Amino acid sequence: DLVRVTDLTEDANVVLFPDHTVSEAWSQLKGTHDDCIPVVSREGQLLVGVIKRRDLYRLFLRQGPPTSPRT
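In terms of my numbering, the sequence shown opens at residue 73 and continues consecutively.
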């Protein structure tokens, strides 16, 4: 039988918006076993990209981990 993409997809429990910070993205990824999170537009929820765990690791190796905002 033919397997379709819809047979393999899952609903995204977590999404990010383009204006989210790296710290927010890291916080979301730390709370999931997923390796990536979709980035969607606020208008129309269109996919703009994907943030991958490995992309953040590479950034942290170059610049250090994000600092937590003071409360």
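Every residue, glycine too, gets a C-beta built ideally from N, C-alpha and C. These figures come from a predicted structure and were not determined experimentally.
Nearest-angstrom Cβ-Cβ length linking residue i and residue j, presumed shorter than 8 angstroms
i, j, result
"V94", "P138", "5 angstroms"
"L119", "A97", "15 angstroms between Cβ atoms; not a contact."
Span separating the alpha-carbon of residue i from that of residue j
i, j, result
"H92", "L74", "38 angstroms"
"K102", "E82", "19 angstroms"
"R130", "S99", "16 angstroms"
"T143", "G121", "Its pLDDT being 40, under 50, T143 is placed unreliably by the model, and nothing is read from it."
"Q117", "D107", "21 angstroms"
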